[in-house]
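Remarks on the structure that follows.
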Amino acid sequence: MTTLQPVSERHWERVARDFDDVGPQACVAEIVEQLRAENPHYLAIAKRCARDDGDEAGAFTGFAKFYRILALDARDRGGVVPRIAAQTLDVIDTLIEEFGEEQFIALAAEMLCDENPVLVQMADSFASRQQDFLRAMQGFVVLYKCLSVQAVIDGLTARFGAGAG
């Protein structure tokens, strides 16, 4: 089951243009405000992953772009990016405990590659310029997995009611 819709390359190009035209600091500040209002758990995870990367500001910029691409694509489809809930973080923690961190990341990375090749290209392009490529890619993978799990929970809740999630 595809948990998030594959994004269009034109959204990646648009976000890249916005960052070039307006500047990364202004774009990141705008995205942070959007995340505070709409997806605070995404913001917290992105900050934590950025701290782990070693180039905190650089890595966070990538995670902000990643979100903006997803948000533009969702908006064009008449939807929104799933709002990560605390229960979703519990599900992710359980999956990591069950599979181990390395296997969890490998499976989540495989899912991202299968479901959203444009996001993989964007993440790879960005991570290749970071101090720690693997840490940066791991951050993108974890963020995507959180969003995709939330999308499944949201879909089940919509289909079967509040008791599904």
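For the sequence shown, the positions run 1447 to 1611 when this note's numbering is used.
We put the beta carbon where it would ideally sit given N, CA and C, even for glycine.
With a Cβ-Cβ cutoff of 9 Å, do residue i and residue j count as a contact?
| i | j | result |
| --- | --- | --- |
| His1457 | Asp1519 | yes |
| Ala1555 | Gly1508 | no |
| Lys1591 | Ile1538 | yes |
| Val1468 | Phe1506 | no |
| Asp1498 | Gln1576 | no |
Closest to residue i by CA distance: which of the options is it?
| i | options | result |
| --- | --- | --- |
| Pro1452 | Ala1510, Leu1516, Gly1525 and Met1583 | Leu1516 |
| Ile1530 | Phe1606, Gln1596 and Gly1469 | Gln1596 |
| Thr1449 | Asp1600, Ala1503 and Ser1571 | Asp1600 |
| Arg1581 | Gln1471, Glu1548, Asp1536 and Val1598 | Glu1548 |
| Ser1571 | Gly1504, Asp1522, Gly1607 and Arg1521 | Gly1504 |
| Thr1534 | Asp1464, Glu1455, Thr1603 and Ser1454 | Thr1603 |
| Ala1496 | Asp1578, Gly1525, Gly1607 and Ala1532 | Asp1578 |
| Glu1561 | Ala1532, Leu1541, Ser1594 and Asp1536 | Ser1594 |
| Leu1558 | Asp1464, Phe1586 and Ala1483 | Phe1586 |
Leaving out the 5 sequence neighbours to the left and right, which residues in its chain are closer than 6 Å to residue i when beta-carbon positions are compared?
| i | result |
| --- | --- |
| Val1461 | Lys1511, Arg1514 and Ile1515 |
| Gln1584 | Ile1551 |
| Glu1459 | none |
| Glu1455 | Val1564 |
| Gly1607 | none |
Which of helix, strand or coil does DSSP assign to residue i?
| i | result |
| --- | --- |
| Thr1449 | coil |
| Pro1563 | helix |
| Gly1611 | Confidence in Gly1611 is poor, its pLDDT being 49 and thus under 50, which makes the residue's placement too unreliable to answer from. |
| Gly1470 | According to the sequence shown, residue 1470 is Pro rather than Gly. Helix at Pro1470. |
| Ser1571 | helix |
| Ala1510 | helix |
| Ala1597 | helix |
| Ile1551 | helix |
| Gln1480 | helix |
| Ala1490 | helix |
| Phe1606 | helix |
| Gly1525 | coil |
| Asp1539 | helix |
Please return the same chain residues whose Cβ sits closer than 7 Å to the Cβ of residue i, not counting the five positions on each side in sequence.
| i | result |
| --- | --- |
| Asn1485 | Val1527, Arg1529 and Ile1530 |
| Asp1481 | Here residue 1481 is Leu; the residue named in the question, Asp, does not match the sequence. The residues are Tyr1488, Leu1489 and Tyr1513. |
| Ile1491 | Val1588, Leu1589 and Cys1592 |
For residue i, which residues in the same chain have their Cβ closer than 8 Å to its Cβ, ignoring the five residues on either side in sequence?
| i | result |
| --- | --- |
| Leu1553 | Phe1545 |
| Asp1466 | none |
Measuring from the CB of residue i, is there a heavy atom of the ligand NAP at a distance below 8 Å?
| i | result |
| --- | --- |
| Glu1556 | With respect to the ligand NAP, the structure shown offers nothing to examine, as it has no ligands at all. |
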